[in-house]
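Structure record follows, encoded as structure tokens.
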Amino acid sequence: MADLPATVADVLRSSRPNNARANVTGMLLTFGGFFLQALEGPDERVRTTLRRVAADPRHTEVKLLGADFCSARAFGRWAMCANDLSAADDDILKVLDGRGEFVPYQMTTAAALKLLTSIAAIHARQTEAAV
Ligand SMILES: Cc1cc2nc3c(=O)[nH]c(=O)nc-3n(C[C@H](O)[C@H](O)[C@H](O)COP(=O)(O)O)c2cc1C
1055 MADLPATVAD VLRSSRPNNA RANVTGMLLT FGGFFLQALE GPDERVRTTL RRVAADPRHT
1115 EVKLLGADFC SARAFGRWAM CANDLSAADD DILKVLDGRG EFVPYQMTTA AALKLLTSIA
1175 AIHARQTEAA V
């Protein structure tokens, strides 16, 4: 992707108001040319959002790693929280993935959620520390 930070900024500019309106929350990770995203909220709203995102030409080979009902939100404080993982985070990814090799599109739902919630927790702590 030509300019990933600009693309992510652009995605967030439309995601945040759209998601807030739809009562959708979530997390978007970028790393090594991949996006990993969690969306949560009312079933139909999440499906509508996902259909729109999947049709976006700014990414290709979109894969749904999992979908499930849950009793509580994991990313409730963010209309869309974004985090960029750098090559320096590689060791963390390997540990979280549990296989010594990080292949995002082969992640299980549980591993993807664990990764996203772990990063969200770090993000929340950093945000609180900055206040
Ligand atoms: C990786 C990725 C994630 C996205 N996530 C969202 C999202 O959570 N919510 C959303 O409304 N749009 C998201 N988008 C953008 C949509 O594909 C689409 O461009 C946007 O919803 C159009 O909204 P607008 O007409 O209000 O600009 C995402 C795009 C990409 C490439």
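Under the numbering used here, the letters of the sequence shown match residues 1055 to 1185, in that order.
Even for Gly, the Cβ is constructed at its ideal location relative to N, Cα and C.
Short Cβ contact (9 Å threshold) for residue i with residue j
i        : j        : result
Arg-1127 : Gly-1095 : yes
Asp-1122 : Thr-1163 : yes
Ala-1175 : Gly-1120 : no
Arg-1112 : Val-1065 : yes
Beta-carbon contacts of residue i that lie in its chain and below 8 Å, excluding the five residues immediately before and after
i        : result
Arg-1131 : Thr-1079 and Ala-1178
Asn-1077 : Gly-1095, Pro-1096 and Arg-1099
Val-1062 : Leu-1082, Thr-1084, Ala-1136 and Asp-1138
Where the alpha helix (DSSP H) containing residue i begins and where it ends
i        : result
Glu-1115 : No alpha helix (DSSP H) contains Glu-1115, which DSSP labels as neither H nor E.
Gln-1160 : Segment: none, Gln-1160 is in no alpha helix (DSSP H) and carries neither H nor E.
Ala-1063 : 1058-1076
Buried versus exposed call for residue i [16 or more other C-beta atoms within 10 Å across all chains shown]
i        : result
Cys-1124 : exposed
Thr-1103 : buried
Leu-1093 : buried
Pro-1158 : buried
Val-1116 : exposed
The beta strand (DSSP E) enclosing residue i, as first and last residue numbers
i        : result
Ala-1136 : 1135-1138
Ala-1121 : From DSSP, Ala-1121 is part of no beta strand (DSSP E); its letter is neither H nor E.
Thr-1109 : Reading the sequence as shown, one finds Ala at residue 1109 and not Thr. Looking at the DSSP string, Ala-1109 is not in any beta strand (DSSP E), and its letter there is neither H nor E.
Cut-off 6 Å between Cβ atoms - residues of its own chain near residue i, not counting five sequence neighbours on either side
i        : result
Ser-1069 : Met-1134
Residues that residue i bridges to, as DSSP identifies them
i        : result
Gln-1180 : The partner list for Gln-1180 (beta bridge, DSSP) is empty, contrary to what the question assumes.
Leu-1083 : Leu-1090 and Asn-1137
Own chain residues within Cβ distance below 7 Å of residue i, not counting five before or after
i        : result
Asn-1006 : No statement about residue 1006 is possible, as the shown extent of the chain runs from 1055 to 1185 and does not include it.
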